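Student: Taking my numbering, the leading residue of the sequence shown gets 3, the next gets one more, and so forth.
Note that the Cβ used here is the ideal one computed from N, Cα and C, for glycine as well.
Quick caveat, the model's predicted, so the values are computed rather than measured.
Just passing along the structure, written as structure tokens.
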Amino acid sequence: MKKVILPSLAWTAGLSLLIALILHLGGDFPDLRSYVQPRLGVGVLVFLIVSLGLFSVFDKAFLKKFFPWAAVLPILWMATFTWAYGFASLPEKKHLGDYYVLGGVAFGLPYVYLTITEKINQRLPKLRFLWELIAGLFAFFMTICPFIYIGYYILFGGEMDMFAMMAVRSTHMKEIHDFLATMGSPVRIIGAVFAFLFVLAVSFTFVHSMVKAARGMKSPLRGTSKGYLIGLGVLFVLFFGGFYRQIIHVFPITIVRTMDSKGSEFQLLQKLTDNLDKNVKKMTFVDPGAGITEGTHIVIIGESANRDHMKVFNPSYPENTTPWLSFVANTPDFALGYMAYSNFPNTLMSLSYAMTSANQYNDKSFADVVSMVDVAKAAGYRTDWISFHNRSSLSSAGVTMIAERSDGSYWEKNYDGYTLEVLKKLPPAKKRVIFINIDGSHYTYLARVPIDKRDELGIPSSDPYHDYDLTIAYDDEVIRDIFEYAKKNLNLQTMVYFSDHGENMEHYHTASPFYYDMVHIPFFVYLSPSYQAAHPGLMPALKSHEHQVFTNDLAFDTVTGIWDAKTNYYNPEYDFSSPKYSLNMDNARTMEGKHKISDDSFLKK
3 MKKVILPSLA WTAGLSLLIA LILHLGGDFP DLRSYVQPRL GVGVLVFLIV
53 SLGLFSVFDK AFLKKFFPWA AVLPILWMAT FTWAYGFASL PEKKHLGDYY
103 VLGGVAFGLP YVYLTITEKI NQRLPKLRFL WELIAGLFAF FMTICPFIYI
153 GYYILFGGEM DMFAMMAVRS THMKEIHDFL ATMGSPVRII GAVFAFLFVL
203 AVSFTFVHSM VKAARGMKSP LRGTSKGYLI GLGVLFVLFF GGFYRQIIHV
253 FPITIVRTMD SKGSEFQLLQ KLTDNLDKNV KKMTFVDPGA GITEGTHIVI
303 IGESANRDHM KVFNPSYPEN TTPWLSFVAN TPDFALGYMA YSNFPNTLMS
353 LSYAMTSANQ YNDKSFADVV SMVDVAKAAG YRTDWISFHN RSSLSSAGVT
403 MIAERSDGSY WEKNYDGYTL EVLKKLPPAK KRVIFINIDG SHYTYLARVP
453 IDKRDELGIP SSDPYHDYDL TIAYDDEVIR DIFEYAKKNL NLQTMVYFSD
503 HGENMEHYHT ASPFYYDMVH IPFFVYLSPS YQAAHPGLMP ALKSHEHQVF
553 TNDLAFDTVT GIWDAKTNYY NPEYDFSSPK YSLNMDNART MEGKHKISDD
603 SFLKK
């Protein structure tokens, strides 16, 4: 027993002390109390159990010979996440112990695999190739995952989380192309492809060399008695069972499982399709005699527009990116939200809240909401949705599904300025609501602006954010043209504009890392003189709230309130146009309520 217990204790103690020293150097584990985490304790225990199992069953020479192969994957995983949670100061460092548990279990897998391989070579030689292929694919998966984690951090400066994975799931080829064009130079793309193929080749070479080194080896067991064989069987069950138990609790499988778990944001979004029709049947109007007046009401949804780059919201900004909006901002017919924020820094989550009666403050599930489109239709108005985005590939959830509930939906592959051509083709209607989801300032920025327009927008090449500011200036013109056409031809009554989220000039828009300029958005409301005469309380309330905080998950209450289409899903405290509007710096939130708006460092400048 001394030959088993003492080496196991020495190995476990030595490795634990080494890891503790490394973590201490990282700074996130400064004292003994910081190590008192249950998962770290479980990691030490698993190291000890694995050591006892290996030393009990396998021959010492066998363990020593294949130690280099057995150590590769544990070192890769443990080093990656020791760096992430001990040196890079990424959140959720309490999960670090999970990766040590995985490392401990993974250390024993090559020994178990080679033992099975020996039996296959003796009894089922035809399965050797398939068995080696499976092992190669497994080695590739286990090798590439840490590199994906590190690569995401290098690109975005944060960890890949559920919301990043949701964006990956809901993406399409055009977005992939734009992402690569923006984030990756040709050198980076070629390097990524080369790295992928290199890891694939190394993984299969790794497995093949290990199997080749094991050919003709003597029995790896310390003995051949029945007890050793039973021990080997137990060890197999523990190793494979333990590995499966642990791999589903670490990156990336844990993220996918969280997305698909009951009650997750991803699942709740998918419930929209199943429940909207049912919820619409429960919808009633607070004042059945009121409603949207005859004429056209337009809701423009921007994309990645950051109000910090719009001179009308930020007068000190050096470039005049909003000449039209700056001109009309001080007229009696316009009210601006100078402190508007997005509820989340990606489109999927942000607009799923903005376009429905769910928000960060009312705790409503997506299974219990109605959409802005539903309200307009139920009030008896034709609804049209014009989008310059691709239909989302995220089935039965999100913005695309809401858009398709309109009487007409138009998915254009063109510049935002083409909106006028679509408006001219709409069927006539005396009472209508038009939703326009522009391409806005989504990367790649230059691709959003027609070539012949770029020199006309007045953005100098010396502007460090030239390409992005071009998109802001271009959409100022686009919104101006929509406004003027609708006033002249469509009996425009109201127009509301807000963006889905903002943009950070280095990290774009992600949940991790999060920066407040990712949720800085523009917001304005136009009311025609006739509409103001019919609803005399609206504009004074809007003007009084111009410098009060607003988050776009309250767009549903605000827009339906402006329309005077108030339902049992409406709350005046969330309506920017209501005297009862109650959002302020004490209660305003973003990122699903996780961050206070009052913590925005930009407010202190």
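#1: Counting pairs of beta carbons, one from the segment 469-477 and one from the segment 420-431, are three or more of them closer than 8 Å?
#2: Could you tell me which residues DSSP pairs with HIS299 in its beta bridges?
#3: Distance, Cα to Cα, SER398 vs LEU274?
#4: Evaluate ILE388 with the Cβ neighbour count: other Cβ atoms within 10 Å of its Cβ, from every protein chain shown; 16 or more gives buried, anything less gives exposed.
#5: Express the C-alpha separation of PRO112 and PHE64 in angstroms, rounding to a whole number.
#6: PHE196 to ILE146, Cα distance in whole Å?
#7: Output the distance between the C-alpha atoms of ASP310 and ALA369, rounded to the nearest integer angstrom.
#8: Our contact map puts ASN573 next to ASN364 with C-beta atoms below 8 Å; I'd like the distance itself, whole angstroms only.
#9: What are the start and end residues of each continuous alpha helix (DSSP H) run of 4 or more residues lying completely inside the segment 340-391, in chain order?
#10: Going by beta-carbon coordinates alone, are PHE208 and ALA108 separated by less than 8 Å?
#11: Could you tell me which of GLY29, ASP61 and PRO40 sits nearest to VAL1, measuring between CA atoms?
#12: Can you find the residues in the same chain that come closer than 7 Å, C-beta to C-beta, to ASN322, ignoring five residues on each side of it along the sequence?
#13: Less than 6 Å between C-beta atoms, sequence neighbours within five positions excluded: which residues of the same chain meet that for LYS596?
#14: On the DSSP bridge assignment, give the partners of VAL527 in chain order.
#15: What residue range is occupied by the uninterrupted beta strand (DSSP E) comprising TYR656?
#16: Using 8 Å as the cut-off, can you tell me whether the segment 78-90 makes contact with the segment 22-32, which would need three or more C-beta pairs spanning the two stretches below that distance?
#17: Give the single residue among VAL551, PHE558 and LYS582 whose Cα lies nearest to the Cα of ASP588.
#18: Any idea what DSSP makes of ASN322, helix, strand or coil?
#19: Express the C-alpha separation of PRO524 and ALA431 in angstroms, rounding to a whole number.
#20: Tell me the DSSP bridge mates of GLY304?
#21: Answer with buried or exposed for ASN439, where buried requires no fewer than 16 other C-beta atoms within 10 angstroms of its C-beta.
#22: Can you give me the start and stop residues for the alpha helix (DSSP H) that ASN123 sits inside?
#23: Return yes when the Cβ of ASP566 is within less than 8 Å of the Cβ of HIS547, no when it is not.
#24: Using the Cα positions of ARG407 and VAL114, report the straight-line distance between them to the nearest angstrom.
#25: ALA337 to LEU529, Cα distance in whole Å?
#26: Does the Cβ of HIS210 have 16 or more other Cβ atoms within 10 Å, making it buried, or fewer, making it exposed?
#27: Name the residue from MET351, THR298 and MET285 whose alpha carbon lies nearest to the alpha carbon of HIS511.
#28: Considering just the uninterrupted stretch of the alpha helix (DSSP H) at PHE196, what are its terminal residues?
#29: Quick check on DSSP: helix, strand or coil for ASN570?
#30: Straight-line CA distance for GLU505 to LEU556?
#31: CB-CB under 7 Å to MET80, same chain, minus the five flanking residues each way: which ones, in chain order?
#32: Give me, in chain order, the residues of the same chain whose beta-carbon lies closer than 6 Å to that of ASP376; leave out the 5 immediate sequence neighbours on both sides.
#33: I need the straight-line Cα distance from GLY243 to VAL252, nearest angstrom please.
#34: Judging by CA-CA distance, which residue of LEU11, TRP13 and ASP559 is the nearest neighbour of TYR583?
#35: Touch check for the segment 322-333 and the segment 479-494: three-plus C-beta pairs under 8 Å?
#36: In whole angstroms, what separates the C-alpha of TYR155 from that of LYS489?
Tutor: The short version:
#1: no
#2: Locating residue 299 in the sequence shown gives position 297, counting from the first residue. Bridge partners of HIS299: VAL435 and THR496.
#3: Reading the sequence shown from its first residue, position 396 is the one you call residue 398. Reading the sequence shown from its first residue, position 272 is the one you call residue 274. Since pLDDT at SER398 reaches only 36, below the 50 mark, its modelled position is unreliable, and no value is offered.
#4: As a first step, residue 388 is located in the sequence shown; it is residue number 386 there, counting from the start. Buried: at least 16 other Cβ atoms inside 10 Å.
#5: Your numbering for residue 64 matches position 62 in the sequence shown. Your numbering for residue 112 matches position 110 in the sequence shown. For PHE64 and PRO112, the distance between alpha carbons rounds to 11 Å.
#6: As a working mapping, residue 196 is identified with position 194 in the sequence shown. As a working mapping, residue 146 is identified with position 144 in the sequence shown. Cα to Cα, the separation comes out at about 13 Å.
#7: Within the sequence shown, residue 310 is the residue found at index 308, counting from 1. Within the sequence shown, residue 369 is the residue found at index 367, counting from 1. Rounded to the nearest angstrom, the two C-alpha atoms are 35 Å apart.
#8: For this step, residue 573 is matched to residue 571 along the sequence shown. For this step, residue 364 is matched to residue 362 along the sequence shown. That pair is a contact at about 7 Å.
#9: 349-356 and 374-380
#10: Here residue 208 is taken as the residue at index 206 of the sequence shown, counted from 1. Here residue 108 is taken as the residue at index 106 of the sequence shown, counted from 1. Result no, Cβ atoms of PHE208 and ALA108 do not sit closer than 8 Å.
#11: Residue 1 lies beyond the residue range present for the chain, which begins at 3 and ends at 607; the question has no answer from this structure.
#12: Looking up residue 322 in the sequence shown gives position 320. So the qualifying residues of the chain are LYS313 and GLY460.
#13: As a position in the sequence shown, residue 596 is number 594, starting the count at 1. Result list for LYS596: empty, nothing under 6 Å.
#14: Counted from its first residue, the sequence shown places residue 527 at position 525. Paired residues: ALA337 and VAL498.
#15: Nothing can be reported for residue 656: it is not among the residues displayed for the chain, which extend from 3 to 607.
#16: yes
#17: If you number the sequence shown from 1, residue 588 lands on position 586. Answer by Cα proximity: VAL551.
#18: On the sequence shown, residue 322 is found 320 positions in, with the first residue counted as 1. Note: ASN322 maps to coil in three-state DSSP.
#19: Locating residue 431 in the sequence shown gives position 429, counting from the first residue. Locating residue 524 in the sequence shown gives position 522, counting from the first residue. Using only the alpha carbons, I get a separation of about 29 Å.
#20: Along the sequence shown, one-based indexing puts residue 304 at 302. DSSP, once it has assigned bridges, lists SER501 as partnering GLY304.
#21: One-based indexing of the sequence shown puts residue 439 at position 437. With 16 or more Cβ atoms within 10 Å of its Cβ, ASN439 is classed as buried.
#22: The residue you call residue 123 lines up with position 121 of the sequence shown. Note, ASN123: alpha helix (DSSP H), 98-125.
#23: Here residue 547 refers to the residue found at position 545 when the sequence shown is read from its first residue. Here residue 566 refers to the residue found at position 564 when the sequence shown is read from its first residue. No, these two residues do not count as a Cβ contact at 8 Å.
#24: Residue numbering aside, residue 407 sits at position 405 when the sequence shown is read from its first letter. Residue numbering aside, residue 114 sits at position 112 when the sequence shown is read from its first letter. Their backbone Cα atoms lie some 55 Å apart in a straight line.
#25: Taking the sequence shown and counting its residues from 1, one reaches residue 337 at position 335. Taking the sequence shown and counting its residues from 1, one reaches residue 529 at position 527. Computed Cα separation, rounded: 9 Å.
#26: Here the question's residue 210 lines up with position 208 in the sequence shown. By the neighbour-count rule (16 or more Cβ atoms within 10 Å), HIS210 is not buried but exposed.
#27: Position 509 of the sequence shown holds residue 511. Nearest C-alpha to HIS511: MET351.
#28: Working through the sequence shown from its first residue, we reach residue 196 at position 194. Where PHE196 is concerned, the enclosing alpha helix (DSSP H) stretches over 188-216.
#29: Taking the first residue of the sequence shown as 1, we reach residue 570 at position 568. ASN570: coil per DSSP, three-state reduction.
#30: The residue you call residue 505 lines up with position 503 of the sequence shown. The residue you call residue 556 lines up with position 554 of the sequence shown. Answer to the nearest angstrom: the Cα atoms are 20 Å apart.
#31: Your numbering for residue 80 matches position 78 in the sequence shown. Correct list, in chain order: TYR101, TYR102 and GLY105.
#32: In the sequence shown, counting from the first residue as 1, residue 376 sits at position 374. VAL282.
#33: Counted from its first residue, the sequence shown places residue 243 at position 241. Counted from its first residue, the sequence shown places residue 252 at position 250. Taking the straight line from one Cα to the other gives about 15 Å.
#34: If you number the sequence shown from 1, residue 583 lands on position 581. The residue with the shortest Cα to Cα distance from TYR583 is ASP559.
#35: yes
#36: Position 153 of the sequence shown, counting from 1, holds the residue named residue 155. Position 487 of the sequence shown, counting from 1, holds the residue named residue 489. Cα to Cα, the separation comes out at about 48 Å.
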